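Chemist: Quick one: this structure, given as structure tokens, is what I'll be asking you about.
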Amino acid sequence: MTEATRAVLVTGAAGGIGGAVARRFAASGWRVLLTDVEPVALAATAAACGGAAHRVVDLRSTARCRELVEWAAAEGGRLDGLVNAAGVWREGPAATTTEADFDVVFDVNVKGLYFTTAAAIPYLAQSGGFVVNLSSDAGIQGNTGAAAYSASKGAVALFTKSLALELAPQGVRVNAICPGDVASPMLEFQAHTYGGGDPAAYYERLLSGYPQGPGRARFIRPEEVAALVEFLSRPEAAPITGATLSIDFGYSAGK
Ligand SMILES: NC(=O)c1ccc[n+]([C@@H]2O[C@H](COP(=O)([O-])OP(=O)(O)OC[C@H]3O[C@@H](n4cnc5c(N)ncnc54)[C@H](O)[C@@H]3O)[C@@H](O)[C@H]2O)c1
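Next up, the structure:
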């Protein structure tokens, strides 16, 4: 008897990390169900995953989050995993953060992630599945100049821990990954939107914060994050739940 193909829903699949996660699971024989708000790049990821099922969804609507999970469970015939990689970045001093920026950061990074996960719980309980949430180094330590983003990622970290406790009796594991700076469209957006017209200087400033020092520091590759996500789906990762796992070249290890 062959084991039924396991199915994983990946949000933010048009993005750097979500795209790499989708390709990694597809290459490992999983059925991948993909979603994002950006249709063109989402279709490209789906094509790179051998024509995977995909659906354009704006996760700011909790009703759409629920519909998304129902669609994924129907397409997959089951749901063994959920990777929450959708996210947005906004920066600027707390004193001048607009309500619009605050709302989009919390609506996508926290509310969308929360209600997508909540809708998936019955399916994950049935399969003994897993959740991986993308938090950030900014979710476990403060981030100068990005207080709203940092607060949203801190919420993801403690949602992860709380849910891990809640779902442990049902055999569902829930973990958060906390990357440092990953070479992705988000990082390019940051540099071009907030770099004062000099993206290269923005990148340089970020890299100067790493303990490797000049010449040795580099940005993390999305594929390196995807490898850690996929590891967390494996039986060897059975003892790992409620964790916030750093993948950041030591950026958050201390001063
Ligand atoms: N890139 C980094 O340096 C970095 C570092 C730490 C954590 N993270 C987190 O990892 C996750 C993935 O980041 P990434 O670097 O791949 O960014 P990315 O911008 O490449 O991908 C994020 C994706 O989320 C999607 N998205 C945005 N708003 C949405 C909405 N309303 N509904 C549905 N989808 C929406 C975007 O379209 C995009 O494709 C994010 O949660 C991010 O905060 C990124």
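If you're matching positions, the sequence shown starts at 8 in the working numbering and goes up one per residue. Every residue, glycine too, gets a C-beta built ideally from N, C-alpha and C. These figures come from a predicted structure and were not determined experimentally.
(1) Can you tell me which of 158, 249, 261 puts its alpha carbon nearest to the alpha carbon of residue 175?
(2) For residue 8, count neighbouring Cβ atoms within 10 angstroms of its own Cβ and tell me buried if that reaches 16, exposed if not.
(3) Given 6 Å as the limit, tell me if residue 157 has its C-beta closer than that to any heavy atom belonging to ligand 1.
(4) What are the start and end residues of the alpha helix (DSSP H) that includes residue 129?
(5) For residue 63, which residues in the same chain have their Cβ closer than 6 Å to its Cβ, ignoring the five residues on either side in sequence?
(6) Can you tell me whether residue 219 is buried or exposed, with buried defined as 16 or more other CB within 10 angstroms of its CB?
(7) Quick one, which of 25, 259, 26, 74 has its alpha-carbon nearest residue 144's?
(8) Judging by CA-CA distance, which residue of 186, 99, 44, 12 is the nearest neighbour of residue 198?
(9) Mind pulling the beta strand (DSSP E) runs of 3 or more residues that sit fully within the stretch 196-241?
(10) Under three-state DSSP, which class holds residue 87?
(11) Using only the alpha-carbon positions, how far apart do residue 213 and residue 164 sit?
(12) Entirely within the stretch 156-200 and at least 3 residues each: give me those beta strand (DSSP E) ranges in chain order.
(13) For residue 107, does the count of other Cβ atoms within 10 angstroms reach 16, so buried, or fall short, so exposed?
(14) Just to check my reading of the structure: residue 179 and residue 135 have Cβ atoms closer than 8 Å, yes? What is that Cβ distance to the nearest angstrom?
(15) Is there at least one non-hydrogen atom of ligand 1 closer than 6 Å to the beta-carbon of residue 71?
(16) Where does residue 36 sit, in a helix, a strand or coil, going by DSSP?
(17) Less than 7 Å separating the beta-carbons of residue 91 and residue 120?
(18) Helix, strand or coil: how does DSSP classify residue 146 here?
(19) May I have the straight-line CA-CA distance separating residue 161 from residue 36, to the nearest angstrom?
(20) Using the beta-carbon count (16 or more within 10 Å), is residue 66 buried or exposed?
(21) Taking the straight line between their C-alpha atoms, what separation do you get for residue 194 and residue 123?
(22) Quick check: the stretch 70-88 against the stretch 47-56, are at least 3 beta-carbon pairs closer than 8 Å?
(23) Rounded C-beta distance between residue 202 and residue 227? I'm assuming under 8 Å.
(24) The alpha helix (DSSP H) that contains residue 49, what's its start and end?
Modeler: Looking at the atomic coordinates:
(1) Start at 1 with the first residue of the sequence shown, and residue 175 comes out as number 168. The candidate whose alpha carbon is nearest that of residue 175 is 249.
(2) Indexing the sequence shown from 1 puts residue 8 at position 1. Model confidence at residue 8 stands at a pLDDT of 41, short of 50, so the residue's coordinates are unreliable; what they give is reported in the following sentence. Flag for residue 8 reads exposed.
(3) The residue given as residue 157 occupies position 150 in the sequence shown. No, the beta carbon of residue 157 sits no closer than 6 Å to any heavy atom of ligand 1.
(4) Indexing the sequence shown from 1 puts residue 129 at position 122. From DSSP, the alpha helix (DSSP H) with residue 129 extends over 120-134.
(5) As a position in the sequence shown, residue 63 is number 56, starting the count at 1. The residues are 46.
(6) Here residue 219 refers to the residue found at position 212 of the sequence shown. By the 10 Å Cβ count, residue 219 comes out exposed.
(7) Position 137 of the sequence shown holds residue 144. It is 259 whose Cα lies nearest to the Cα of residue 144.
(8) Stepping through the sequence shown from its first residue, residue 198 is reached at position 191. Taking only the C-alpha atoms, the option nearest residue 198 is 99.
(9) The stretch 196-241 contains no whole beta strand (DSSP E) run of 3 or more residues.
(10) For this step, residue 87 is matched to residue 80 along the sequence shown. Looking at residue 87 - three-state DSSP - the assignment turns out to be coil, as it is neither helix nor strand.
(11) The sequence position of residue 213 within the sequence shown is 206, counting from 1. The sequence position of residue 164 within the sequence shown is 157, counting from 1. C-alpha separation (whole angstroms): 22 Å.
(12) Fully enclosed beta strand (DSSP E) runs of 3 or longer: 180-186.
(13) Position 100 of the sequence shown, counting from 1, holds the residue named residue 107. Burial call: exposed.
(14) The residue labelled residue 179 in the question sits at position 172 within the sequence shown. The residue labelled residue 135 in the question sits at position 128 within the sequence shown. 7 Å between Cβ atoms; contact.
(15) Residue 71 sits at position 64 when you count from the first residue of the sequence shown. No.
(16) Within the sequence shown, numbered from 1, the residue matching residue 36 stands at position 29. Residue 36 falls in the coil class under three-state DSSP.
(17) Within the sequence shown, residue 91 is the residue found at index 84, counting from 1. Within the sequence shown, residue 120 is the residue found at index 113, counting from 1. Yes; because the gap between Cβ atoms is below 7 Å, this pair is in contact.
(18) Numbered from 1 along the sequence shown, position 139 holds the residue referred to as residue 146. Correct three-state label for residue 146: helix.
(19) Taking the sequence shown and counting its residues from 1, the one referred to as residue 161 is at position 154. Taking the sequence shown and counting its residues from 1, the one referred to as residue 36 is at position 29. Taking C-alpha positions only, residue 161 is separated from residue 36 by approximately 33 Å.
(20) In the sequence shown, the residue the question calls residue 66 occupies position 59. Classification of residue 66: buried, given that the 10 Å Cβ count is 16 or more.
(21) Here residue 194 is taken as the residue at index 187 of the sequence shown, counted from 1. Here residue 123 is taken as the residue at index 116 of the sequence shown, counted from 1. Approximately 25 Å between the Cα atoms of the pair.
(22) no
(23) Start at 1 with the first residue of the sequence shown, and residue 202 comes out as number 195. Start at 1 with the first residue of the sequence shown, and residue 227 comes out as number 220. About 19 Å separates the two Cβ atoms, so there is no contact after all.
(24) Start at 1 with the first residue of the sequence shown, and residue 49 comes out as number 42. Where residue 49 is concerned, the enclosing alpha helix (DSSP H) stretches over 46-55.
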